[in-house]
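Take a look at the structure set out below.
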Amino acid sequence: MSRKYFEEEVIQQTLDYNYAQHSDADKFNIAYGIDKNFLFGCGVSIASVLLANPEKALAFHVFTDFFDSEDQQRFEALAKQYATQIVVYLIDCERLKSLPSTKNWTYATYFRFIIADYFSDKTDRVLYLDADIACKGSIQELIDLNFAENEIAAVVAEGELEWWTKRSVSLATPGLVSGYFNAGFILINIPLWTAENISKKAIEMLKDPEVVQRITHLDQDVLNIFLVNKARFVDKKFNTQFSLNYELKDSVINPVDAETVFVHYIGPTKPWHSWGAYPVSQYFLQAKSN
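Heads up: the sequence shown is residues 127 to 416, going by our numbering.
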């Protein structure tokens, strides 16, 4: 019996822009799942990873339901400029549209399950990133990371004990008091994710009316439930969250420092918005200008 919930027929078309000099076996795979509103941000995120990791053998995978001729030209030019590989997968989203969504989270949030299932027989790990993440440091530590026997993923904790406790109560999952993670950064241990049937279990849970009443963060909540005691928490430098809306406040503490590897621009204002050009947006804007 297949342990994949999403078989490959959900992928309607594949566009492979491959200008890399590295062999497939050497590549570290990074994937994004987005709708058309995040295509621009995704391109800049890819550029930022490449700028911060110029000597790394990388391949990028973009799963989306919209990709027009302008996008094709832009992403091919990006792959060519940085001598890298960018593969774009056009997704049939019908099976996802019945799942819960919000103003901030569309059905595209569930593309990460398609990503994990797609790679189930192709590689042993994939780094999933949200498209509103900019890179400013080396990812070598992630490339070198060795999973323990029971670790399905490497993640970064969101918030502190008070937030974890609230989520543990809301989600009726006591183990979350030890840590609740943000799903914008997930280094997926593909063989174990597949063996544990995470995609199928998560989608089935998201169809359960009782569960839907409890969750507020959609698949992020569900993944936290399934990965209790099965995820490795890595340093916050790999998912340093900052909302540009914080800049509207009189005083704000910027959590981004010299050690930060990934800056995650959470909240409704993104660095590609014309009103989002604050100092902390520099890591995104620098990649954009290249």
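Glycine included, each C-beta is placed from N, C-alpha and C at the ideal position.
Residues bridged to residue i [DSSP beta-bridge criterion]
i: L253; result: I156, L313
i: F388; result: C261
i: V188; result: Y158, V214
i: Y143; result: I212
i: I172; result: Paired residues: none, contrary to the question.
Residues of its chain near residue i, where Cβ-Cβ distance is below 8 Å and the 5 sequence neighbours each way are ignored
i: S400; result: Unreliable positioning characterises S400 in this predicted model, as indicated by a pLDDT of 43, which lies under 50. A coordinate reading is not provided.
i: Q138; result: L216, I217, D218
i: K375; result: Residue placement at K375 is flagged as unreliable, the pLDDT there being 48, under the threshold of 50; a coordinate-derived value is accordingly withheld.
i: K223; result: Y233
Same chain, Cβ closer than 6 Å to residue i, five either side skipped, listed in chain order
i: A238; result: The question names Ala, but residue 238 is Arg in the sequence shown. Only G159, Y254 meet the Cβ criterion.
i: S325; result: Y131, F239, A242, D243
i: V213; result: D142, H187
i: A309; result: Q346, L349
i: A298; result: none
i: I172; result: F186
i: S149; result: none
i: K362; result: V282
i: R358; result: E277, A280
i: E385; result: K363
i: P405; result: At P405 the pLDDT is 49, less than 50, meaning the model places this residue with poor confidence; the figure from the coordinates comes in the next sentence. So the list is empty, once near-sequence residues are dropped.
i: I341; result: D347
i: S227; result: Y233
i: V338; result: P226
Alpha-carbon to alpha-carbon, residue j and residue i
i: I314; j: E322; result: 12 Å
i: E267; j: S174; result: 17 Å
i: L216; j: E286; result: 37 Å
i: L184; j: L204; result: 13 Å
i: A279; j: I316; result: 8 Å
i: T291; j: A328; result: 22 Å
i: F164; j: H390; result: 14 Å
i: N420; j: F273; result: The shown model of the chain, from 127 to 416, leaves out residue 420, and the question about it has no answer.
i: E133; j: E181; result: 34 Å
i: L302; j: V281; result: 13 Å
i: N380; j: T366; result: 10 Å
i: T140; j: F201; result: 13 Å
i: E288; j: D161; result: 33 Å
i: R221; j: T235; result: 13 Å
i: E275; j: T320; result: 14 Å
i: V170; j: S296; result: 36 Å
i: S124; j: D270; result: The structure shown does not extend to residue 124, since the chain is modelled only from 127 through 416, so no value can be given for it.
i: D197; j: S294; result: 41 Å
i: F245; j: Y233; result: 20 Å
i: D194; j: S304; result: 44 Å
i: P300; j: L177; result: 41 Å
i: V166; j: D334; result: Note that residue 166 is Phe in the sequence shown, not Val. C-alpha separation (whole angstroms): 34 Å.
i: I312; j: K153; result: 17 Å
i: R251; j: Q211; result: 17 Å
i: D247; j: E330; result: 22 Å
CB of residue i within 8 Å of CB of residue j, strictly
i: F368; j: V382; result: yes
i: D218; j: V136; result: yes
i: E284; j: Y306; result: yes
i: V360; j: K262; result: no
i: K206; j: Y145; result: yes
i: L225; j: L318; result: no
i: A260; j: C168; result: no
i: N155; j: T249; result: yes
i: F189; j: A157; result: yes
Contacting residues, own chain, Cβ-Cβ under 7 Å from residue i (five flanking each side not counted)
i: F352; result: I324, K327, A328
i: W231; result: L344
i: Q147; result: A209
i: Q199; result: none
Exercise for review: Pick out the complete alpha helix (DSSP H) segments inside the segment 303 to 378, 4 residues or longer, and give them in chain order.
Suggested key: As for any alpha helix (DSSP H) of minimum length 4 sitting wholly inside the segment 303 to 378, the runs are 316 to 321, 324 to 332, 335 to 340, 344 to 352, ordered along the chain.
Review point. Along the chain, which unbroken stretches of the beta strand (DSSP E) at least 3 residues long are found entirely within the segment 197 to 284?
Key: For the beta strand (DSSP E) assignment, the uninterrupted runs of no fewer than 3 residues enclosed by the segment 197 to 284 are, from N- to C-terminal side, 211 to 217, 251 to 255, 259 to 261, 279 to 283.
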